[in-house]
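So the protein sequences, as listed, match chains A and B. Quick note on numbering: my numbering labels position 57 of the first sequence as 57, and the sequence is numbered without any gaps. If you want my numbering, it's the 1-based position in the second sequence plus 1000. Where is the CB? At the ideal position from N, CA and C, for every residue including glycine. What follows is one structure encoded as structure tokens, with my remarks underneath.
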Amino acid sequence: NAGVTQTPKFQVLKTGQSMTLQCAQDMNHNSMYWYRQDPGMGLRLIYYSASEGTTDKGEVPNGYNVSRLNKREFSLRLESAAPSQTSVYFCASSAYGGYSGNTIYFGEGSWLTVV
Amino acid sequence: GENVEQHPSTLSVQEGDSAVIKCTYSDSASNYFPWYKQELGKRPQLIIDIRSNVGEKKDQRIAVTLNKTAKHFSLHITETQPEDSAVYFCAASSGGGADGLTFGKGTHLIIQP
């Protein structure tokens, strides 16, 4: 049981390049999330998908797009990377969503550097 | 939206002593309050959570208390050990559905030998 798997683990991009972070969960969870973590800022929600077929903006969505490909997979795309997007990105999932009190499980993180 | 404040940002305690981390939240509709522990270079992992219909919850050396009236909740770690050294995050549900959690900015807990 792998839980939440995200790729790549490390990536260096040049300003203006695009890339997609992939995430998959094998826990049959309904809800999936993308967070970014910056020093001293905690974890901030970028986008979330409450259920298959829906996506919504979180606290810091600018510069990102997402796709809920199916129930298992939720990808995050940077269309034109900027140095301000240098961060650690975490994908996460939960059975029904944080409001109902179901545990949110995190992937191992993706370290992205934009130069 | 929800806003979660967490204090202190850094906490240093002697091994064996207790540690307390405090958080406040703004949205009175929030009803789920988890705590996550993150070791260096690792993913955040849930260590304990509490729901709004409960005032206190314990799990071995860890306890969480919730004061809904004052909109604050706290993490208590007793008999601290070196492996407790990590960054701890509090969080609150946004109250609107499956829309994730709002996190505090974290507390770096240092256990001094």
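Rounded distance between the beta-carbons of residue j and residue i, thought under 8 Å
i	j	result
A81 of chain A	V114 of chain A	5 Å
Q30 of chain A	Y96 of chain A	The sequence shown places Asn at residue 30 of chain A, not Gln. Right, the Cβ-Cβ distance comes to about 6 Å (below 8 Å), so this counts as a contact.
L1011 of chain B	L1109 of chain B	5 Å
S1009 of chain B	T1107 of chain B	6 Å
Straight-line gap, residue i to residue j (C-alpha atoms, nearest Å)
i	j	result
L13 of chain A	Y35 of chain A	19 Å
E52 of chain A	G1104 of chain B	28 Å
L76 of chain A	T55 of chain A	11 Å
Y47 of chain A	F1033 of chain B	20 Å
I1047 of chain B	T1065 of chain B	14 Å
A1091 of chain B	Q17 of chain A	33 Å
Y99 of chain A	S1028 of chain B	At Y99 of chain A the pLDDT is 49, less than 50, meaning the model places this residue with poor confidence and gives no usable figure here.
I1077 of chain B	K1022 of chain B	12 Å
L1101 of chain B	T15 of chain A	30 Å
Y1088 of chain B	A1019 of chain B	11 Å
P83 of chain A	L112 of chain A	10 Å
K1058 of chain B	D1084 of chain B	16 Å
Y105 of chain A	M41 of chain A	20 Å
I1062 of chain B	P8 of chain A	34 Å
E108 of chain A	F74 of chain A	15 Å
G1055 of chain B	N1067 of chain B	7 Å
R979 of chain B	Q1060 of chain B	Outside the shown range of chain B (1001 to 1113) lies residue 979 of chain B, about which nothing can therefore be said.
D1099 of chain B	T1080 of chain B	34 Å
N70 of chain A	G1041 of chain B	29 Å
I1111 of chain B	H1007 of chain B	17 Å
M19 of chain A	N102 of chain A	31 Å
L21 of chain A	P39 of chain A	21 Å
Beta-carbon proximity check, residue i vs residue j, cutoff 8 Å
i	j	result
W1035 of chain B	D1017 of chain B	no
L45 of chain A	Q37 of chain A	no
C23 of chain A	Q11 of chain A	no
N79 of chain A	N62 of chain A	Inspection of the sequence shows that residue 79 of chain A is occupied by Glu rather than by Asn. Cβ distance not < 8 Å, so E79 of chain A and N62 of chain A don't count as in contact.
A1086 of chain B	Q1014 of chain B	no
P1082 of chain B	P1113 of chain B	yes
M32 of chain A	S110 of chain A	no
T1024 of chain B	E1002 of chain B	no
R68 of chain A	S49 of chain A	yes
S1093 of chain B	N1053 of chain B	no
D26 of chain A	G3 of chain A	yes
Any non-hydrogen atom of the ligand SAM closer than 7 Å to residue i Cβ
i	result
Y105 of chain A	Ligands in the displayed structure: none, and consequently the ligand SAM is not present.
Three Cβ pairs or more, each shorter than 8 Å: is that satisfied between the stretch 1068-1084 of chain B and the stretch 81-94 of chain A?
no
Closer than 8 Å between beta carbons: that is the criterion. Which residues of the stretch 37-48 of chain A meet it against chain B?
G40, M41, G42, L43, R44, L45 and Y48
Please list, in chain order, the residues of the stretch 1043-1055 of chain B that have any C-beta partner in chain A closer than 8 Å.
R1043, P1044, Q1045, L1046, D1049 and R1051
When you check each C-beta in the stretch 3-20 of chain A against every C-beta of chain B, which residues fall closer than 9 Å?
V4
If contact means a Cβ-Cβ distance below 8 Å, which residues of the stretch 50-73 of chain A contact chain B?
A50, S51, D56, G58 and E59
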